[in-house]
Amino acid sequence: MNRLRTTNKMFIVIFLAGSLFGMNVYASEDYTGLAAYDEAVYTAEVEKSMHKMHGLYLRAFDKSLSKSEKAKAKKEYFKISQTLVRNMHQRVMKMNIKEGAALSHTDVLLSTHMTMMLLDMLAAEQLAD
């Protein structure tokens, strides 16, 4: 149980930091992609992951599922969100804000949506304890 609480705290810190950063950075209309990645492919992958995460989020609160099935959904959600956060971090670290680089609308929405779902799941766990 202590390991779960430590993990919960770690996720809260990571996502709060990400959401605070994301809320203060706006995408530039004239941003042409300073980092070396394909924006269309990235956006498609993010949308695919977010769709899967949303389904897992709903499963985590489905009253018809067992505790084990809910825990499995949460664990998979955490794995996907960690991958997305790491990918976003890698992108941010390659950006040159002095040249006008900014997070895309996709990045900002991803950060906000993930944070809301994650905080809800973690709050529910803390309240259940």
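Take 58 as the starting number for the sequence shown in the numbering used here and just add one per residue.
Quick reminder that beta carbons are idealized off the backbone N, C-alpha and C, glycines included.
Where residue i falls, given that 16 or more other Cβ within 10 Å makes a residue buried
i	result
MET150	exposed
MET110	buried
ALA185	exposed
Cα-Cα separation between residue i and residue j, rounded to whole angstroms
i	j	result
LEU176	SER168	12 Å
GLY157	VAL165	16 Å
LYS124	TYR134	15 Å
ASP105	ILE137	One point to set straight first is that residue 105 is Lys, not Asp, in the sequence displayed. Distance between the alpha carbons of LYS105 and ILE137 is about 11 Å.
LYS155	ARG148	15 Å
Nearest-angstrom Cβ-Cβ length linking residue i and residue j, presumed shorter than 8 Å
i	j	result
TYR114	MET174	5 Å
ARG116	LYS132	With a Cβ gap of about 11 Å, ARG116 and LYS132 do not count as contacting.
ILE107	HIS170	Note on identity: in this sequence residue 107 is Met, with Ile being the wrong assignment. Their Cβ separation, rounded to whole angstroms, is 6 Å, which keeps MET107 and HIS170 in contact under 8 Å.
Cβ of residue i within 7 Å of any chain C Cβ
i	result
MET150	You won't find chain C in this structure, because it holds only one protein chain.
*asked:* Whether or not the segment 139-154 and the segment 178-186 are in contact is what I'm after, with contact meaning three or more pairs of Cβ atoms, one per stretch, closer than 8 Å; do they touch?
replied: Counting Cβ pairs under 8 Å, fewer than three are found: no touch.
_Three Cβ pairs or more, each shorter than 8 Å: is that satisfied between the segment 96-111 and the segment 156-170?_
Three or more Cβ pairs drawn from the segment 96-111 and the segment 156-170 lie within less than 8 Å of each other, which places the two stretches in contact.
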